[in-house]
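Asks:
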Amino acid sequence: MNRLNDSKILIKKAVNTIDKLDYELKLKNNTKTKTISESKSISYKDAKSGTINVDEFKKAVYAIIEADDYLYKKAPLHNLNDDEAKMFCKLVFQTQKHLNNVLKAFGFEFEEGAQLDESALYIVSNKKLLKNLKNKMPNLNIISTEGILEAEDMKVINPNMPEGALKGIEKKCNITKEQITKLINKLNPSKVIVIVDDSNKADELIYIRAKELYGAEKISIDDIDL
């Protein structure tokens, strides 16, 4: 019970501080920004009967509690550098995304995340993400690399990687690149897109190589509704 009460207090503090910082920023910039309720006339009174999406609600709570850490770490001024700002805002956006998914069950509509194109070829770094995306869109053209595309990139991820170990990785990378090339020749996709986790260095390395090899673009996994 104490843990639950502590979590509730943390959430309230986080929301109150975010509101305060947002208000101060608007005053500083002297701008007028419409809220969601003002621009779309959304009210809790519009809610219809539905079922609480417990999983999404928990994810929202966890994200805002993680964001709450910044209130203590950066007190009393709450100034964030570029990297901290990106991480903090990422958590706030994640919270918003999960709460929107909760509200959808009660008749509210929100703008969807990035739309996936069935005429494109998507590259991901792991089979778990591939499976999640295929469950969402069975006709999606997608391939998992299960790792980097160039063996030498392992030196970026692990500078202590023995040279001998790179030979096996190089063979695997070559097989993966051949598979991607075959898919491109077979499907003739409108474009090649790498889905990246912005916090994953390997994902960024995969994108850089795919851009060189296939002219690939990238989208963030945070912009996709899974």
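Per the working numbering, numbering through the sequence shown is continuous, rising by one, with the last residue being 228. By construction, the Cβ of each residue, glycine as well, lies at the ideal position given by its N, Cα and C atoms.
Any idea what DSSP makes of K76, helix, strand or coil?
Replies: DSSP places K76 in coil when its eight states are reduced to three.
Asks: Report yes if the CB atom of E148 is closer than 7 Å to the CB atom of C175, and no otherwise.
Replies: Not in contact: E148 and C175 (Cβ atoms no closer than 7 Å).
Asks: On the DSSP letters alone, give me the boundaries of the beta strand (DSSP E) that N143 sits inside.
Replies: Element bounds for N143: N143 to S146.
Asks: Looking only at its chain, what residues have a beta carbon closer than 6 Å to the beta carbon of Y46, apart from the 5 residues adjacent to it on each side?
Replies: Cβ neighbours of Y46 beyond the five flanking positions: none.
Asks: Could you name the residues that DSSP lists as bridge partners for K138?
Replies: Answer is none; K138 lacks a bridge partner.
Asks: How should S127 be labelled, buried or exposed, when 16 other C-beta atoms within 10 angstroms of its C-beta is the threshold for buried?
Replies: Buried, because 16 or more other Cβ atoms sit within 10 Å of the Cβ of S127.
Asks: Put E113 into one of helix, strand or coil per three-state DSSP.
Replies: If DSSP states are grouped into helix, strand and coil, E113 belongs with coil.
Asks: Could you spell out where the beta strand (DSSP E) holding L123 opens and where it closes?
Replies: Note, L123: beta strand (DSSP E), L123 to V126.
Asks: In whole angstroms, what separates the C-alpha of M156 from that of L215?
Replies: Each residue's Cα considered, the two are about 18 Å apart.
Asks: Would DSSP call T33 helix, strand or coil?
Replies: Unreliable positioning characterises T33 in this predicted model, as indicated by a pLDDT of 44, which lies under 50. A coordinate reading is not provided.
Asks: Following the continuous beta strand (DSSP E) through K220, name the residue where it begins and the one where it ends.
Replies: Per DSSP, K220 belongs to the beta strand (DSSP E) from E219 to S222.
Asks: Helix, strand or coil for I197? Go by DSSP, reduced to three states.
Replies: It is a strand residue.
Asks: Cα separation between I208 and I226?
Replies: The straight-line gap from Cα to Cα measures roughly 19 Å.
Asks: Let me know if D48 comes out buried or exposed under the rule of 16 or more other beta-carbons within 10 Å of its beta-carbon.
Replies: That one is exposed.
Asks: Does the beta-carbon distance from A65 to L93 come in below 7 Å?
Replies: A contact, by the Cβ cut-off of 7 Å.
Asks: May I have the straight-line CA-CA distance separating N83 from V198, to the nearest angstrom?
Replies: Going by the C-alpha atoms only, they are around 23 Å apart.
Asks: By alpha-carbon positions, which one of L185, Q96 and A69 ends up nearest to F90?
Replies: Out of L185, Q96 and A69, A69 has the C-alpha closest to the C-alpha of F90.
Asks: By Cβ distance below 8 Å, which residues in the same chain neighbour A107 in space, the five residues on each side in sequence not counted?
Replies: Excluding sequence neighbours, A107 sits near G52, T53, I54 and N55.
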